[in-house]
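J.: Read in order, the letters of the sequence shown are residues 732 to 1070 in the numbering used here.
Glycine residues also receive a C-beta, built at the ideal position from the N, C-alpha and C atoms.
Computed from a predicted structure; not experimentally measured.
Below are the structure tokens for one structure; questions will follow.
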Amino acid sequence: MAASPEAFAFPVMSGDIGGTNARFVLIHDQDAAVERIPTLATADFATIEDAMAAAIGDRPEAERPKTAILALAGPITGDRVAMTNNHWVVEPKKLIERFGLSDVILLNDFEALSLCLPGLGTDGVDPIGDGVATPNGARVVVGPGTGLGAGALIQSGGRWVPIPSEGGHIDLGPVSPRDFEIWPHLEQTFGRMSTETLVCGSGMLRLYRGVCAANGVDARFGNEADVAAHGLAGDSPEAVETLALFATYLGRFAGDLALVFTAYGGVYLAGGISARIAPALKSGAFREAFVTKEPHRHLVERMATAIIVKPDPALAGIAHFARRPAEFGVELEGRWWRS
């Protein structure tokens, strides 16, 4: 195991690289407030190097990053990491050469998100239900966005240890009679029905089309934003049902992960979709699906669930790690490159 360093060379550039957006901040020293850089669209740049160059700009040498810690939407495998939901390929050695960096660390995006969980506080979350989080209990973070991400954080030896995951790709199956009516009308991805197939942005649209087909009506909306908006407004029965089913399937998945990790520290929903459809998630369908885990309903009923409302939580998590790496047991073997 490659141990975390006792300190990083500042300034540190941290990045949260998703399928659609790339968000960067600069952390100038251990105590300074982070410098937020305007969000970049991944489609606007051929490579991550070009995006980072735009983010760094023409700032003087003393303000240019010495370390880069990047959270990527996908597994970290070797010296050449292909992103799961966009066209970029991340090669740390090229980043070191182009930007004169001393260190590059690559993390899974939801691993980075999990690093923010100890510092969320009550003002950083919007609770769902009446579960109570225990201070040192394992925690899970789940987020539907361009894809479906998941991660966990456990405490071991006095340090918080993040567990990277590609859990969004586990299979999802029908449970209720209504599920069985809709399932024959749903599009598969990669020849299978993963949870991400339905519980993400494009998945919401797949689910809406399936509901419309099962009801024998034409689909009125052509994107997930419209489905969500009309579902929340209550002026389309199919969109309303789509949001209820989306919340249910997300609840089932989150409850499964809660059981896997016995997440007495809570299960937290991240991403723009979760915040945007918060009324649907808090209407009861999500929480009921989360706790319907017989014979262990009594266990998950104790667990807290909440929506993360803290801005840029993955970047906040990386900042916490960059400033005080000794508080975390981050596995860096094969994910830390040095000049």
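Taking the DSSP output, what are the residues bridged to L890?
T.: As a position in the sequence shown, residue 890 is number 159, starting the count at 1. Inspection of the sequence shows that residue 890 is occupied by Arg rather than by Leu. Per DSSP, S887.
J.: Hey, which unbroken runs of the alpha helix (DSSP H) at 4 residues or more fall wholly within the stretch 755-828?
T.: Runs of the alpha helix (DSSP H) inside the stretch 755-828: 779-787.
J.: Going by the CB atoms, is the gap between V871 and F992 shorter than 8 Å?
T.: Stepping through the sequence shown from its first residue, residue 992 is reached at position 261. Stepping through the sequence shown from its first residue, residue 871 is reached at position 140. In contact: F992 and V871 (Cβ atoms closer than 8 Å).
J.: Candidates A869, V873, L803, A975: which alpha carbon is nearest G889's?
T.: Position 158 of the sequence shown, counted from the start, is the residue given in the question as residue 889. Nearest of A869, V873, L803, A975 to G889, Cα basis: A869.
J.: Suppose only complete runs of 3+ residues qualify. What are the beta strand (DSSP E) ranges in the stretch 954-979, listed by chain order?
T.: Fully enclosed beta strand (DSSP E) runs of 3 or longer: not present.
J.: Keeping to the same chain, check which residues put their C-beta closer than 6 Å to that of A1016; ignore five residues upstream and five downstream.
T.: Taking the first residue of the sequence shown as 1, we reach residue 1016 at position 285. Taken in chain order, the residues that qualify are A975, A978, T979.
J.: So for Y995, helix, strand or coil by DSSP?
T.: As a first step, residue 995 must be located in the sequence shown, where it is residue number 264. Reduced to three states, the DSSP call for Y995 is coil.
J.: Report the start-end ranges of each beta strand (DSSP E) in the stretch 826-883 that is 3 residues or longer and not cut off at the edges.
T.: Fully enclosed beta strand (DSSP E) runs of 3 or longer: 834-839, 856-859, 870-875.
J.: Kindly indicate which three-state DSSP category I1039 falls into: helix, strand or coil?
T.: By one-based count along the sequence shown, residue 1039 stands at place 308. Strand at I1039.
J.: Look at R1066 and L838 and say whether their C-beta atoms are less than 8 Å apart.
T.: Residue 1066 sits at position 335 when you count from the first residue of the sequence shown. Residue 838 sits at position 107 when you count from the first residue of the sequence shown. Yes. Within cutoff.
J.: Look at the alpha carbon of A1035 and the alpha carbon of A985, and state the distance between them as a whole number of angstroms.
T.: For this step, residue 1035 is matched to residue 304 along the sequence shown. For this step, residue 985 is matched to residue 254 along the sequence shown. Their backbone Cα atoms lie some 11 Å apart in a straight line.
J.: Hey, quick one: how far does the beta strand (DSSP E) through R937 stretch, first residue to last?
T.: Residue mapping note: residue 937 aligns to position 206 of the sequence shown, counting from 1. Unbroken run through R937 is the alpha helix (DSSP H), 932-946; no beta strand (DSSP E).
J.: What residue from R983, G962, G852 has the CA that sits closest to G898's CA?
T.: Start at 1 with the first residue of the sequence shown, and residue 898 comes out as number 167. The option with the nearest alpha carbon to G898 is R983.
J.: Are the stretch 815-822 and the stretch 1006-1016 touching, with three or more C-beta to C-beta distances below 8 Å?
T.: Touching, no, given that fewer than three Cβ pairs across the two stretches are closer than 8 Å.
J.: Span of the beta strand (DSSP E) holding R1054?
T.: Translated into the one-based positions of the sequence shown, residue 1054 becomes position 323. First-last for R1054: 1044-1054, but that is the alpha helix (DSSP H), not the beta strand (DSSP E).
J.: To the nearest whole angstrom, what separates the beta carbons of A1045 and L844, a pair I think is in contact under 8 Å?
T.: Position 314 of the sequence shown, counted from the start, is the residue given in the question as residue 1045. Position 113 of the sequence shown, counted from the start, is the residue given in the question as residue 844. That pair is a contact at about 5 Å.
J.: Let's test the definition: count the other Cβ atoms within 10 Å of the Cβ of A1001 and tell me whether it reaches 16, buried, or not, exposed.
T.: Within the sequence shown, residue 1001 is the residue found at index 270, counting from 1. Burial call: buried.
J.: If you compare alpha carbons, which of A753, G965, D966, A970 is closest to G941?
T.: Taking the sequence shown and counting its residues from 1, the one referred to as residue 941 is at position 210. The candidate whose alpha carbon is nearest that of G941 is A970.
J.: Using a Cβ-Cβ cutoff of less than 8 Å, which residues in the same chain neighbour D949 once the five nearest sequence positions on both sides are dropped?
T.: If you number the sequence shown from 1, residue 949 lands on position 218. Excluding positions up to five away in sequence, the list reads C943.
J.: Which term fits S1070, buried or exposed, when burial requires 16 or more other beta carbons within 10 angstroms of its beta carbon?
T.: As a first step, residue 1070 is located in the sequence shown; it is residue number 339 there, counting from the start. So S1070 ends up on the exposed side.
J.: When you compare each of G997, L988, S1014, A994 to E972 by their alpha carbons, which one comes out closest?
T.: One-based indexing of the sequence shown puts residue 972 at position 241. Among G997, L988, S1014, A994, the Cα nearest to that of E972 belongs to S1014.
J.: Beta-carbon separation of E829 and E794 under 8 Å?
T.: Locating residue 829 in the sequence shown gives position 98, where the first residue counts as 1. Locating residue 794 in the sequence shown gives position 63, where the first residue counts as 1. Checking the sequence, you will find Arg at residue 829 rather than Glu. Their beta carbons are not under 8 Å apart, which means R829 does not touch E794 by this criterion.
J.: Here's the rule: buried if 16 or more other CB atoms are within 10 angstroms of the residue's CB, otherwise exposed. What is G746?
T.: The residue given as residue 746 occupies position 15 in the sequence shown. Buried is the call here.
J.: Helix or strand or just coil, what does DSSP make of P915?
T.: Translated into positions along the sequence shown, residue 915 becomes position 184. Here P915 sits in helix by DSSP.
J.: Alpha carbon to alpha carbon, what distance is there between R1018 and G962?
T.: On the sequence shown, position 231 is the one that residue 962 refers to. On the sequence shown, position 287 is the one that residue 1018 refers to. Spanning the two alpha carbons is a distance of roughly 18 Å.
J.: Can you tell me whether DSSP reads R1066 as helix, strand or coil?
T.: The residue labelled residue 1066 in the question sits at position 335 within the sequence shown. R1066: coil per DSSP, three-state reduction.
J.: For L1063 versus I901, is the C-beta distance shorter than 8 Å?
T.: Along the sequence shown, one-based indexing puts residue 1063 at 332. Along the sequence shown, one-based indexing puts residue 901 at 170. Taking 8 Å as the Cβ cut-off, L1063 and I901 do not qualify as a contacting pair.
J.: Give the DSSP bridge partners of G746, in chain order.
T.: Taking the sequence shown and counting its residues from 1, the one referred to as residue 746 is at position 15. DSSP lists F755, L801 as partners of G746.
J.: Quick check on the burial criterion: 16 or more other C-beta atoms within 10 angstroms. Buried or exposed for G788?
T.: Stepping through the sequence shown from its first residue, residue 788 is reached at position 57. Looking at its Cβ environment, which holds fewer than 16 other Cβ atoms inside 10 Å, G788 is exposed.
J.: Which two residues bound the contiguous alpha helix (DSSP H) that contains L929?
T.: Residue 929 sits at position 198 when you count from the first residue of the sequence shown. Start and end: 926-929.
J.: May I have the straight-line CA-CA distance separating T865 from A989, to the nearest angstrom?
T.: On the sequence shown, residue 865 is found 134 positions in, with the first residue counted as 1. On the sequence shown, residue 989 is found 258 positions in, with the first residue counted as 1. Those two C-alpha atoms are separated by around 14 Å.
J.: Throw me the rounded Cβ distance for the V863 and R1033 pair, which I believe falls under 8 Å.
T.: Here residue 863 refers to the residue found at position 132 of the sequence shown. Here residue 1033 refers to the residue found at position 302 of the sequence shown. About 7 Å; that satisfies the 8 Å criterion.
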